[in-house]
Amino acid sequence: MRETCRSYRAELAQALIEPKLGLGWAQLGCTIAREVLDAAARIIRPGITTDEIDEVVHQATIAAGGYPSPLNYHFFPKSCCTSVNEVICHGIPDARKLEDGDIVNVDVTVYYKGVHGDLNETFFVGEVDEASQQLVRCTYECLEKAISIVKPGVRFREVGEVINRHATMSGLSVVKSYCGHGIGELFHCAPNIPHYGSILAGNKAVGIMKAGQTFTIEPMINAGVWRDRLWPDGWTAVTADGKRSAQFEHTLLVTETGVEVLTARLPSSPKVFPWLNS
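UniProt numbering puts the first residue of the sequence shown at 1, with every later residue one more than the last.
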């Protein structure tokens, strides 16, 4: 979601799970979204097309009784986003075949029983070079460190401070044009949650976290400069210098004492990240 979109007065209440929907539906919908992403992860290999990944996402979502939130969202033509190498986010699946050494982010959102669940992960395609492995791992760590501070009373801008600190220590940069967002009955709503540094760096996120809020954190980390460019399709964002980018995302619920990761990995999730297998 582009941070530049305006937050209207009606959104200032921020994203809360509606009692009539029930937390149970949100938890179940997010679990379904996780299972759909896991299904996509299992087929990623050299030679497969991003269209084939999209088909798996679409069929798995429908089979679970959900609807793929991206499909026809502001005319987006596919059921998920597939962002390869220098594509930061919102890549449109097509007939391109993945090649050995690529990295690919798959972004899945499922609408189930009136609630959206949103997550993404960046995967290795075959044998990937050391720099790309470090980029993906650092991005994963940025998300985990950000999640670790989520609890009632924390300022939303602190998320960006944590992410920016870890990324820059690794010689990487944080994309500024896109941000985390509130989610629930709406796919995107307030609060907007930038992933980059302090207010001096332009992070003007307002508000504090409150129990019951649901939102995403989804850092996009670049190997080169943080700046992005948008393709003529109006969706595909790429790095300005052509270097690689990685992203990870979870949907989170602020609890009375901390945070619940609604899209957390399951015991059945494929073991695709080496640092989680040791």
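Just so it is clear, CB atoms sit at the ideal spot from N, CA and C, and this is done for glycine as well.
Fill in: Assigned exposure category for W226 - 16 Cβ within 10 Å defines buried
buried
Discussion item. Let me check one thing: in DSSP terms, what residues is C179 bridge-paired to?
Written reply: None; C179 has no bridge partner.
Practice prompt. Could you check which residue in F248, N277 and G242 has the C-alpha nearest to that of N85?
Written response: G242
Item to complete: Measure from the alpha carbon of G202 to the alpha carbon of each residue in W231, D233, R229 and E158, then state which is nearest.
Response: E158
Item to complete: List the whole-angstrom C-beta distance separating I149 from I217, where the pair is believed to meet the contact cut-off of C-beta under 8 Å.
Response: Not quite, the Cβ-Cβ distance comes to about 10 Å (not below 8 Å), so this is no contact.
Worksheet item: Would the beta-carbon of S79 fall within 7 Å of that of T109?
Response: no
Worksheet item: Which residue's Cα is closest to the Cα of G153: G207, Y178, S132 and V106?
Response: G207
Item to complete: Report all residues from its chain with a CB closer than 6 Å to the CB of residue 300; omit the five preceding and five following residues, and keep chain order.
Response: Past the boundaries of the shown model lies residue 300; the chain is included only from 1 to 278, so the question cannot be answered.
Item to complete: Mind checking who N192 pairs with in its DSSP beta bridge?
Response: H181
Discussion item. Measuring alpha carbon to alpha carbon, tell me which residue in I103, D118, F75 and G234 is nearest A33.
Written reply: D118
Worksheet item: How many whole angstroms separate the CB atoms of A131 and A223, which I take to be in contact at a CB cut-off of 8 Å?
Response: 7 Å
Worksheet item: Is the stretch 189 to 197 in contact with the stretch 228 to 247, if contact means three or more CB pairs nearer than 8 Å?
Response: no
Fill in: Cβ-based neighbour list, I43, same chain, cut-off 8 Å, excluding 5 preceding and 5 following
E52, I53 and V56
Discussion item. Checking the sheet assignment: what are the DSSP bridge partners for Q27?
Written reply: Answer is none; Q27 lacks a bridge partner.
Discussion item. Using C-beta distances below 6 Å, list every residue in its chain close to A60, excluding the 5 sequence neighbours before and after it, in chain order.
Written reply: V36 and A39
Worksheet item: Which stretch, first to last residue, makes up the beta strand (DSSP E) that contains Q247?
Response: S245 to Q247
Item to complete: Check each candidate in Q247, K113 and L172 and name the one with the smallest Cα separation from residue 295.
Response: Here the chain has residues from 1 to 278 only, and residue 295 is not among them.
Practice prompt. Starting from T236, follow its DSSP beta bridges and name the residues at the other end.
Written response: Beta-bridge pairing links T236 to no other residue.
Worksheet item: Taking the alpha carbon of T263 as the point to measure from, which residue in G197, P274 and I183 has its own alpha carbon closest?
Response: I183
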